[in-house]
Structure formats: structure tokens, C-alpha cells
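Visitor:
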Amino acid sequence: MNVLIIGSGGREHAIAWKISKSSMIKKLIVCPGNAGTELVAQNIELDINDFNKVKLLCLEEEIDIVVVGPEDPLVNGISDYFEIQKELKDVTLIGPCKKAAQLEGSKDFAKEFMKKYNIPTAKHKTFDINSIKSGYKFLEKLSPPYVLKADGLAAGKGVLILDKLDEAKKCLKEMILENKFGNASEKVVIEEFLEGVELSVFVLTDGSTYKLLPTAKDYKRIGEKDTGLNTGGMGAVSPATFIDRFYLEKIEMEIVKPTIEGLKKENINYLGFIFFGLIDVAGEPKVIEYNVRMGDPESEVVFPRIKSDLLNLIVGIKNGTFSEKDLHIDKRVAVTVMLASRGYPEKYEKNKLIDLPEDFNESLIFHSGTKSKSGNFYTSGGRVMCVTSLSENLKQAVEKSLKVCSNIHFDGKYYRKDIGRDLINY
Ligand code: AMP
Ligand code: GLY
Numbered sequence: 000m001n002v003l004i005i006g007s008g009g010r011e012h013a014i015a016w017k018i019s020k021s022s023m024i025k026k027l028i029v030c031p032g033n034a035g036t037e038l039v040a041q042n043i044e045l046d047i048n049d050f051n052k053v054k055l056l057c058l059e060e061e062i063d064i065v066v067v068g069p070e071d072p073l074v075n076g077i078s079d080y081f082e083i084q085k086e087l088k089d090v091t092l093i094g095p096c097k098k099a100a101q102l103e104g105s106k107d108f109a110k111e112f113m114k115k116y117n118i119p120t121a122k123h124k125t126f127d128i129n130s131i132k133s134g135y136k137f138l139e140k141l142s143p144p145y146v147l148k149a150d151g152l153a154a155g156k157g158v159l160i161l162d163k164l165d166e167a168k169k170c171l172k173e174m175i176l177e178n179k180f181g182n183a184s185e186k187v188v189i190e191e192f193l194e195g196v197e198l199s200v201f202v203l204t205d206g207s208t209y210k211l212l213p214t215a216k217d218y219k220r221i222g223e224k225d226t227g228l229n230t231g232g233m234g235a236v237s238p239a240t241f242i243d244r245f246y247l248e249k250i251e252m253e254i255v256k257p258t259i260e261g262l263k264k265e266n267i268n269y270l271g272f273i274f275f276g277l278i279d280v281a282g283e284p285k286v287i288e289y290n291v292r293m294g295d296p297e298s299e300v301v302f303p304r305i306k307s308d309l310l311n312l313i314v315g316i317k318n319g320t321f322s323e324k325d326l327h328i329d330k331r332v333a334v335t336v337m338l339a340s341r342g343y344p345e346k347y348e349k350n351k352l353i354d355l356p357e358d359f360n361e362s363l364i365f366h367s368g369t370k371s372k373s374g375n376f377y378t379s380g381g382r383v384m385c386v387t388s389l390s391e392n393l394k395q396a397v398e399k400s401l402k403v404c405s406n407i408h409f410d411g412k413y414y415r416k417d418i419g420r421d422l423i424n425y
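Residue 0 is where the sequence shown starts when you use numbering that gives the first Met the number 0, and the numbers rise one by one after that.
1. Looking only at C-alpha atoms, which of Gly294, Met23 and Val2 sits nearest to Cys30?
2. Assign Gly222 to one of three DSSP states: helix, strand, or coil.
3. Report yes if the CB atom of Pro95 is closer than 8 angstroms to the CB atom of Tyr377, and no otherwise.
4. Run the proximity test for Glu11: is its beta-carbon closer than 7 angstroms to any non-hydrogen atom belonging to the ligand GLY?
5. What does DSSP give as the partner residues of Met233 in its beta bridges?
6. Could you give the C-beta distance for Met0 and Lys17, rounded to a whole number, given that I count them as a contact under 8 angstroms?
7. To which residues of the same chain is Ala121 closer than 6 angstroms at the C-beta, ignoring the five residues directly before and after it?
8. Confirm, please, whether the CB-CB distance from Val334 to Ala99 is below 8 angstroms.
9. Among Leu58, Thr125, Lys285 and Gly6, which one has its Cα closest to the Cα of Thr36?
10. Tell me whether Leu193, by its Cβ, gets closer than 7 angstroms to a heavy atom of the ligand AMP.
11. Which term fits Ile128, buried or exposed, when burial requires 16 or more other beta carbons within 10 angstroms of its beta carbon?
12. In the DSSP output, which residue or residues are listed as bridge partners for Gln101?
13. Hey, would you say Ile43 sits closer than 8 angstroms to Leu56, going by beta carbons?
14. Which stretch, first to last residue, makes up the alpha helix (DSSP H) that contains Met113?
15. Counting by C-beta, which residues lie closer than 5 angstroms to a heavy atom of the ligand GLY, in chain order?
16. Quick check: the Cα distance between Gly181 and Lys172, rounded to an integer number of angstroms?
17. How far does the beta strand (DSSP E) with Tyr377 in it extend, from its first residue to its last?
18. Helix or strand or just coil, what does DSSP make of Ile287?
19. Taking the continuous alpha helix (DSSP H) assigned at His408, which residues delimit it?
20. Identify, in the order they occur along the chain, each residue of the same chain with its Cβ nearer than 7 angstroms to the Cβ of Ala183, setting aside the five sequence neighbours on each side.
21. Check for me: the beta strand (DSSP E) holding His366 runs from which residue to which?
22. Along the chain, where does the alpha helix (DSSP H) containing Ala167 start, and where does it finish?
23. Measuring alpha carbon to alpha carbon, tell me which residue in Ser142, Asp417 and Val188 is nearest Glu223.
24. State yes or no: is the C-beta of Gly206 within less than 8 angstroms of the C-beta of Lys219?
25. So, helix, strand or coil for Gly43, using DSSP?
26. List the whole-angstrom C-beta distance separating Tyr289 from Glu103, where the pair is believed to meet the contact cut-off of C-beta under 8 angstroms.
27. Using 7 angstroms as the cut-off, classify the Cβ of Val146 as near or not near the heavy atoms of the ligand AMP, replying yes or no.
28. Thinking just about the alpha-carbon of each residue, which of Glu86, Ser105, Val332 and Val39 is nearest to the one in Asn431?
29. Straight-line CA distance for Lys394 to Arg331?
30. Taking its Cβ as the centre, do 16 or more other Cβ atoms sit within 10 Å of Arg244, making it buried, or is it exposed?
31. On the premise that Arg382 lies in contact with Tyr343, defined as a C-beta separation below 8 angstroms, what is that separation, rounded to the nearest angstrom?
Right, here's the structure in full:
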């Protein structure tokens, strides 16, 4: 099989690393990729939102399968584009169509979908320029903290959680009338604040059946003990060790199955990954958000725990045998710790030489924002790379990753030393 992976982060490195191990792989290309994906695949520089260019590349390289990493091309309709191109009829694209991608691309769409199919989530209402006054009244009826969400994609920054009513009203006004998040905040979802522990659940689906992938917990804040600004994720643990088999079954029955069934009822043929961002509210799982892709850095702990051949599963989606395939999961715990560049998630420095140790002690290094130049690695993003370790025991996995992190050097290196610590004695 010739496979093209679209994207350039740690998630795409993890997917490429996993697929590169498959006995079925012939050619593996990542577009545009990073210095890490270059170690396991061929990188090709290309604008991933220029679908015509992606098509030409697929034809030139005789690609059988395209795996789309990030949400942007999906929300922009790459799957629909592929669907109507006659020359691409033999190419299978792993990623949902534009309509289904609205589960991530529009908070309002996702909330209405959940309401329609009885999927537990926070109560909400959506407001725009015509209903802003009702928005203020709605806020007055809620108790703090107030949760305001830009309807559209806002690079992970579109959610505001505010303690004061006047502040919430001011932000609502700025979002709707002053384009605080550009077009993304033309509509704003206001919802009830939910208190609890967050966890991530993932499935791979062929549109009719699905397989549950390993669960994970993400550490979103920049600072230790979950303080400071939100980031794309500073580390992750898999599985979410604080839930048991029964709770996962509850999630499956109340959230995963109704979502898959709902998509079918909407006549959406969903091929690809669904990421359920959940929160446990006193024993009841609720959906905080859907993503129509894998998480990052969750992928860097999820894929290392999948023992089965990922490409074989994907080929199952291509040829209609997905439901017959088994998915085996490693029982060990995986922990990843992200190394970021000074300043992230705000303005950060780039182009710093990275010094990697010779020996990673069996840990895995997944690159996020890196590039290679004359045989050396340099930083090129806010999140630079992460170190994943597997162990029978969470504490050992954490220690293994931290040890490797301390031996990686670049100017301005920053990482959280408390990833997974909260779960060690949970
Ligand atoms: P989202 O972009 O929807 O994932 O939201 C970003 C973060 O905001 C989530 O990971 C939660 O930590 C927080 N959040 C979102 N919605 C709520 C809510 N209704 N109650 C409490 N926290 C929330
Ligand atoms: N780590 C969260 C995300 O990928 O959206």
C-alpha cells in the first residue's frame, strides 16, 4: 500500500511511525511533515489546503490511502473533494466529509446533534448579532463560572470561562460584535459549566462499525498543577487510569454508540477517527467537545499502545472488512511529556539547535515542531517534541520520560514535570 499522511505535528509522526511498521506498507509520504516524520517516511512540502495539489500528488505517487491528521482540511472539505474526483476513485481518504467535520467545525452543530440524539452534554443556547440581548438575559439566569464558546474553529482558543457576569457580557459582545475570534465568533454558544475530570476517548470507524482505541488524559495547561494558559497539550497518559471497564462501557452505550447511530441517521458515511472530549461529572460522562481527528499529544500515547497493525485496520475500511479485524491493545501504561519552546503558548522562539541523547532508554521521541538542516534538528514550533515511555507502572513510565527529557537540550526548553503525577496514587 502507498499511504499519504497529511499534517506536520507529533500526531502525524506517531501515525507515520505506526504505519511504517506495517508489513503492508510500500511507500509512505507525509505532507508536509517534520524532521521526525522524515525518519520514517518521505516528506513532501505542499499546501495541505490546496486540494488540487494533494490530488496531483496522489496520482503521481500512486497513493492508495490518505490519512488526514488535522481538522482544517476536513472542515474545508477535502473528503468531499476526493469523493467527486473520478481519477481518485480508488483512493480511500481517512477523514470525514465536510458536513460531519462540523462536529468539530461548529460548536452549535455539535450541540444540536447531541441534543437530537440524546447524547449527554452541558445545557446550552446559541446567540448571534440578532439575539445578543437574549444572550445577556441568558447569562443573567446562569450561575458562574460562565462558559462562552466561539462557534467556529479558533485554533483551540475559542473557549472562555469567566467568573463575573459583567465580564461574560463584555466578552459576548466582543465575540459577536467585534469579531474577537474573527468569523468563528459570529455565533457564540453559551453553556452550563461542568465540574469534573476530563478524559479523551477515541474510535476508528468505517461508518457502520467502530473500534474503541485506547483512552487518554491530556494535560492542557502550560503550568504544573494545571495552571496558566491553555495549550495544545503538554503531555498525556494512556489509559485514563481513573476509569474502569464498567465506566468505559457506560461511555460506549451513552455516547459512542448514539454518536455512530446518529451519523448513520443523518446519512453521513463517516470514515476515520472520532475524538470524544469528555468530562466526568459525579459519575456521569458528558461530552465537552467532538473532534473529527485524533488528539495531539494523545496520539503519541494511543498509537504506541496499539499492538495491531494500524494499516491493516485502515485497509479494512478501504475494502469493507473492517468489522472482521481485531484490535489488540498493550496493557502497559504510556506517558508522554511534551518539550516546548520558551514563550509557548504565546510568542516563542524558533531555530534552536536540538541536542538529542544517543540512547533514549527504549522511550520513543515524536517530533512536533522541528525541521532538519544539514543533519541537525532545529526547533520550528512552540511544541517541539515529546517523549513517550511505556511501563507496567505509571510512576516508572513517568520517570523514564522525564529522564530522557532532561537529556534533550535546546535553548529555551520547557516541560512540565508533573505529567501523570496526579494519577499515580489516584
Ligand atoms: P473545548 O475547546 O470545547 O475543548 O474547550 C476547551 C476546554 O475548556 C475544555 O478542555 C475544558 O477544560 C473547558 N470547558 C469547555 N466546556 C466546558 C464546560 N461546559 N464546563 C467546564 N469546562 C469546560
Ligand atoms: N490535545 C487536544 C487536542 O488534540 O485537541
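Heads up, the beta-carbon is just placed ideally off N, CA and C, and yes, glycines get one too.
Owing to the predicted nature of the structure, the values given are computational and were not obtained by experimental measurement.
Guide: According to the structure data:
1. Considering only alpha carbons, the answer is Val2.
2. It is a strand residue.
3. No. Outside cutoff.
4. Proximity of the beta carbon of Glu11 to the ligand GLY is not indicated: no heavy atom of the ligand is located closer than 7 angstroms.
5. Bridge pairing for Met233: absent [DSSP].
6. The Cβ separation is near 14 angstroms, so there is no contact.
7. The residues Glu190, Glu191 and Leu193, in chain order, have a CB closer than 6 angstroms to that of Ala121 in the same chain once the five nearest residues on each side in sequence are set aside.
8. Judged by their CB atoms, Ala99 and Val334 are not nearer to each other than the 8 angstroms cut-off.
9. Shortest Cα-Cα distance from Thr36 to any of Leu58, Thr125, Lys285 and Gly6 involves Gly6.
10. Closer than 7 angstroms to some heavy atom of the ligand AMP: that describes the Cβ of Leu193.
11. Counting Cβ neighbours within 10 Å, Ile128 comes out exposed, since fewer than 16 surround it.
12. Its beta-bridge partners do not exist; DSSP assigns none.
13. Taking 8 angstroms as the cut-off, the beta carbon of Ile43 is found closer than this to the beta carbon of Leu56.
14. For Met113, the enclosing alpha helix (DSSP H) begins and ends at Lys106 to Lys115.
15. The set, ordered by position in the chain, is Asp217, Gly232, Gly294 and Asp295.
16. Near 13 angstroms, if we compare the C-alpha coordinates of Lys172 and Gly181.
17. DSSP places Tyr377 in the uninterrupted beta strand (DSSP E) bounded by Asn375 to Thr378.
18. In the structure shown, Ile287 sits in a strand (DSSP, three-state: E or B).
19. Segment: none, His408 is in no alpha helix (DSSP H) and carries neither H nor E.
20. Hits under 7 angstroms: Ala149, Asp150, Gly151, Leu152, Ala153 and Gly157.
21. Secondary structure note for His366: its beta strand (DSSP E) is the uninterrupted segment Leu363 to His366.
22. Its alpha helix (DSSP H) spans residues Leu164 to Leu176.
23. The candidate whose alpha carbon is nearest that of Glu223 is Asp417.
24. No, the pair does not count as a contact, with Cβ atoms beyond the cut-off.
25. Reading off the sequence, residue 43 comes out as Ile, not Gly. In the structure shown, Ile43 adopts coil according to DSSP, grouped into three states.
26. A Cβ-Cβ distance of about 6 angstroms is found for the pair Tyr289 and Glu103, placing them in contact under the 8 angstroms criterion.
27. A heavy atom of the ligand AMP is found nearer than 7 angstroms to the CB of Val146.
28. This structure cannot speak to residue 431, because the chain is shown only from 0 to 425.
29. Lys394 and Arg331: Cα-Cα distance of roughly 12 angstroms.
30. Around the CB of Arg244, fewer than 16 other CB atoms lie within 10 Å, so the residue is classed as exposed.
31. Rounded to the nearest angstrom, the Cβ distance from Tyr343 to Arg382 is 7 angstroms, consistent with a contact under 8 angstroms.
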